[in-house]
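Chains as they are written, first to last, in this note's numbering: chain A, 1 to 314; chain B, 315 to 586; chain C, 587 to 1112.
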Amino acid sequence: MIRFAATRLLSLALSLLMASIVVFAVVEVIPGDPASYMLGLNATPEAVEALRNELGLNGSLWARYIGWVSGMLVGDFGQSYTYRVPVSDLIAQRIWVSLPLAMIALLMSTLIAFPVGLIAAARRGKFSDYSIMGLTQLGIAVPNFWFAMLLVLVFAINLHWFGAGGFPGWENGILAGLKALTLPAIALALPQASILARVMRSSLLETLTQDYIRSARAKGLTRAQALRRHALRNAMIPVLTIIGLQFSFLLAGAIIIENVFYLPGLGQLIYKGITQRDLVVVESVVMLLVFAVILVTFLVDLAYAAVDPRLRKR
Amino acid sequence: MRLPIQLIIGALLTSFFVIAVLVSFVWTPHDVTVLTIADKLQPPSAKYWLGTDHFGRDMFSMLMVGARTSIAVAIVAVGIGMGIGVPLGLMAAANKGSLLDEVIMRGNDLIFAFPSLVIAILITAVFGPSAVNAILAIGIFNIPVFARVSRGAALSIWTLDYILAARTFGKGRVRISAEHILPNIANLLIVQGTIQFSLGILAEAGLSYVGLGAQPPTPSWGRMLADAQTMIYTKPMLAILPGMAIVLMVLGLNLMGDGLRDLLDPRIRRER
Amino acid sequence: MISLRKLNLSIHRLPILKDVSFDIAQGQIFGLVGESGSGKSMTALALMQLLPQGFSASGQVMVDGTDVLALSEAQMCALRGNEIGMIFQEPMTALNPVQTIGDQVAETLLIHGKANKAEAAKIARRMLNRVGLPEDKFPASRYPHELSGGQRQRVCIAMAIALRPKLLIADEPTTALDVTTQAQILELLQELVAEEDMSLLLITHDLAVVAGMADYVAVMRKGEIVEQGQTEHLFKTMSHPYTRQLFEASSHQPDHGAKTQDTPILEVINATREYAAPRTKLFHRPPPFRAVDNVSFTLKRGESLGLVGESGCGKSTLTRAILGLDALQGGEIRLSGEPVLAGQHMPTHLRQKVQVVFQDPYGSFNPRHKVLRLVMEPFHLTAPPDNAREHVAEALETVGMPADAMDRYIHEFSGGQRQRIAIARALVLHPDLIVLDEAVSALDVSIRAQILDLLADLQKRLGLSYLFISHDLTVVQAITDRVLVMQRGKIVETGPTEQVFTSPAHPYTKQLLDAAPQIPADWQAR
């Protein structure tokens, strides 16, 4: 198990290294001179030179890359050109909106999908199965940001149960914060829950055709017992894969959803970064998102090993 | 053979949109490039079937032309994903365990670490926003999807005896991949293609909505939603209509994909 | 104790069983024999009420005085595992891969509320000991993937008998196992029946297995029992023609006296092939595993040479090297005096001289091509001839298939027909040597006899040489002139088939022959 974790950790580090090279290449190499790109066409040569010095662009590519990566390792993402504050400060403020939002949505999606998928599989071919499958088919087809707009229309504008957007900040009480994140989280979670419930159902049904289910039934287990005691754990492997993939969708989706609800999260930061050509902000936030995805992939790998003893030996 | 009901409904929905797109090239009820401010925010009427937007453009025509962007972006993105991903997957499977396989699969993992939105952000940050960037972002994200699916399916076919037999007839990896592997994984690729197509439509809408995709004045469902958002208090229909269009299109494609899988997958067919 | 009366069964209105009646007495071993599709497994599943959806059954299936057809699902659950236990053909997939073997055995006790957790674990341990998995080597915390096929089948048996059921159903329990493992499992079952005073319903396609095990035998064909009776009596009389046909097919001896010439066609000289063994410790690389270890033999023109061995003995690796698919690491293989090389390095004129027929009649053909294209495929080695259709027609007719078969897809043919088409494909280039890799192992005995006849006939007519690879001793005995016995990568014995089978020299050969089930010679009714 320790060996398995160690090899996965190594591959995590390698993926991060590769990802950082890609991000660095796209943001700092392809535009040619990032400083004149950031300042636009009307910049004076003096201003460009000043920014070049500020960004440390006069060193070699190699030195710049090393400087960027080693800075990130200690939490120093550099100085934002537009905000004139360290990017790490900007991220620190905003991550406490985006991260809780993605986590709540993931939790919601999982909590909805598991029982729903299980019921559909257990009642295969019956009315409840067909209705669940129909609803999830619809859930998958709905774009989450449009669903968010509908939620605002119904629950904020018509019913006044929630505010239509904005975030009070955690310092004004956890409940107020959670309330502001409820609609965005539902908007994110329901389409993902639909996908997860379908995967859960088909994985369970696939598992139920396996020989060991027949063995279990021959021992005297009822259909429901065989499902619970034998199929469930074996069906988890594809479900875990999807949960891992969904995290990256949720994180990316959160960036879009923040737009609908005017939440001051990473999404807002990155759009400002793009429109104001603040490459330092863009590359930092992108790297952070990629790091989150790679980390989740690593955790999912560990979860596989916890579920399946065959993987632990490797 | 009886066709699955999902396939029929899905194909009908999909062809409805495809026909709308084809018709839009020769005829739309109104010209979407002409702004008639005097007629802005009209309710549905005989002249404007679904009403008008804040620039007085006909919603029905906008939806027809918007479908073009959606479908074009999704088709090209699936094309990029299949065109690059499938050969990569076949190559990896044909050289299983080799350095090439390892490089291809690690490369895949690397792309998987960049959700399509993040790719779009990176591209847009450097090249500025455009529909082409949206295509590239979604297309790049599709590559590892198709590479994985085709590698996995190809590997299970490589273990079959007819592949061994083909090798004893002196056929090489490329020839076997083209002649024996590809035709036998085509079903799976078609099904995956419809899934990626519908995901592409969703992704394009999302990117256009946040301003990273199609730029005005090109009509696009995502942009229409972004424009409607500020007026959602007064004119909710402007937000509801493009959303419905997206839902129906994606639903149609997904149903078609499910139906095709039922039709083409012999395993499921046997089960019935 | 068990009594079936006029059991009729249909699934989705397709009739499966017709008027099946038999009785199994306490402590009796009842053999149910038949070819694939005869309905023997369905009979067992009817007893367990584990039938596929959409079935309808009539008649009586009495277990200890109650008709299970009339029982509710809840009552059936109480009965399964408690009164009747069952084991299946595929031990590799019959156990839950994510649960320990101890837990899976204990579950039988827990589910029926016959013990608390601690007691169940204790009894499970005792059961594992009983089926030959002692605690020091096989702790209850082992997972299925850490065990071999035979060991997994033992776990399945422990699971099935944990509550000492009155009847154990064994559905082809040894078909997926090697012959020596088969003998051990059959012996274990026999012991258990005697000790526990349990009845055993043994379902198999193999007449020899029931001859050695069963007290009473029923022969099934197309959903009907054609004949049943006390074992020895049934074998000696064989009153039904189907029984006789089955018997003759299973011990069929094709007339294969072809002339062996002195020129060698295939020479294997000190062939060696190693695989890297998986690492067990981080900084310690274990010595590589020798799949083929210094193997040498010669196959003469016109000869039929058998290669027998159990799974994992290296015969597949050797076959792939002979076919020029994988490279050797040491030694040499020569075909008509020219060296065999792997992959694209092997010249096409040499590849034309050797063709192959595989085991699985379903996996041997690309399902998307018509037979014409399938049989033509070897022409990749030459230029495709102008009259390809005539060549294909000729090859098909040689193997007894109509020429118009070439315009159909492969799924339109039965397993035996597909194997004929596979042979036609191997013949189309007129090779010198055909490698038959378990080529008849997946076929029912009657089809197998026909294919063996065809092979013997082709050899005589075309002067072919065969390398016949199989785990099945009776088949090798029937068709080969000379035989090689392979164990752990080495050839341990070689000699004329007759001699090796009657007076084996190597202990492993003896062990193999002893393990193979036999119908006693004096039972053979003529």
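Even for Gly, the Cβ is constructed at its ideal location relative to N, Cα and C.
| Check | Outcome |
| --- | --- |
| Residues, ordered as in the chain, of the segment 249-261 of chain A that lie near chain B by beta-carbon distance below 9 Å | Phe249, Leu251, Ala252, Gly253, Ile255, Ile256, Asn259, Val260 |
| Separation of A/Ala164 from B/Glu585, as counted between CA atoms | Caution applies to B/Glu585, whose pLDDT of 35 falls short of 50 and renders its modelled position unreliable; the value that the coordinates give is listed next. Each residue's Cα considered, the two are about 49 Å apart. |
| Whole-Å CB distance - C/Thr790 paired with C/Gly617, under 8 Å assumed | 7 Å |
| Alpha carbon of A/Leu240 to alpha carbon of A/Val300, nearest angstrom | 6 Å |
| Cutoff 7 Å: A/Pro34 Cβ touching any chain B Cβ | no |
| The segment 251-264 of chain A / the segment 186-193 of chain A touching (three or more Cβ pairs under 8 Å) | yes |
| Rounded distance between the beta-carbons of A/Gly244 and A/Thr297, thought under 8 Å | 6 Å |
| C-beta atoms of C/Phe1054 and C/Leu1029 nearer than 7 Å | no |
| Residue(s) in a DSSP beta bridge with C/Pro1082 | C/Arg1068 |
| Helix, strand or coil at B/Thr508 according to DSSP, with G and I counted as helix | helix |
| Cutoff 6 Å; reference B/Gly399; Cβ partners in own chain excluding five residues on either side | Ile457, Phe460, Ala461 |
| Proximal residues of chain A, C-beta to C-beta of C/Leu637 below 7 Å | Result: empty, since nearest Cβ-Cβ is about 11 Å, beyond 7 Å. |
| Chain A contact for C/His977 (CB, 7 Å cutoff) | no |
| Simplified DSSP state of C/Asn682, which is helix, strand or coil | coil |
| The segment 996-1003 of chain C in contact with the segment 917-925 of chain C per 3-pair CB rule at 8 Å | no |
| Within chain C, partners of A/Pro309 - CB distance below 8 Å | Pro683, Val684, Tyr729, His731 |
| Contacts of A/Gly220 in chain C (Cβ-Cβ under 8 Å) | Cys663, Ala664, Leu665, Arg666, Gly667, Asn668, Thr694, Ile697, His698 |
| Buried/exposed call for C/Glu924, threshold 16 Cβ in 10 Å | exposed |
| Test item: CB-CB of C/Ala794 and C/Ile1105 under 7 Å | yes |
| Own chain, CB closer than 8 Å to C/Ala800, minus 5 neighbours either side, in chain order | Ile615, Phe616, Gly617, Leu788, Thr817 |
| Candidates C/Leu909, C/Leu893, C/Met992, of which the one nearest C/Gly1081 by Cα | C/Leu893 |
| Extent of the continuous alpha helix (DSSP H) to which B/Met570 belongs | 550-578 |
| Alpha-carbon to alpha-carbon, B/Ala559 and B/Thr383 | 13 Å |
| Within chain B, the residues that C/Val961 reaches when beta carbons sit closer than 7 Å | Within chain B, no residue comes near C/Val961; the closest Cβ sits about 11 Å away, beyond 7 Å. |
| Closest residue to A/Ser284 among B/Thr532, B/Ile435, B/Asp475, B/Phe455 (Cα-Cα distance) | B/Ile435 |
| Backbone secondary structure at A/Phe247 - three-state DSSP | helix |
| Beta-ladder partner(s) of C/Gly892, from DSSP | C/Phe1054, C/Val1069 |
| Neighbour list for C/Met672 in chain A, Cβ cutoff strictly below 7 Å | Ala218 |
| A/Leu151 beta carbon less than 7 Å from that of A/Leu183 | yes |
| Through-space distance from A/Gly273 to A/Gly169, alpha-carbon basis | 22 Å |
| Rounded distance between the beta-carbons of C/Gly809 and C/Leu603, thought under 8 Å | 5 Å |
| Alpha-carbon to alpha-carbon, A/Tyr271 and B/Ala408 | 43 Å |
| Below-7 Å beta-carbon distance, B/Arg316 vs any chain C residue | no |
| Cα-Cα separation between B/Ala427 and C/Gly929, rounded to whole angstroms | 37 Å |
| Three-way DSSP call (helix, strand, coil) for C/Glu705 in this model | helix |
| Euclidean distance between Cα positions of A/Phe77 and B/Ile454 | 27 Å |
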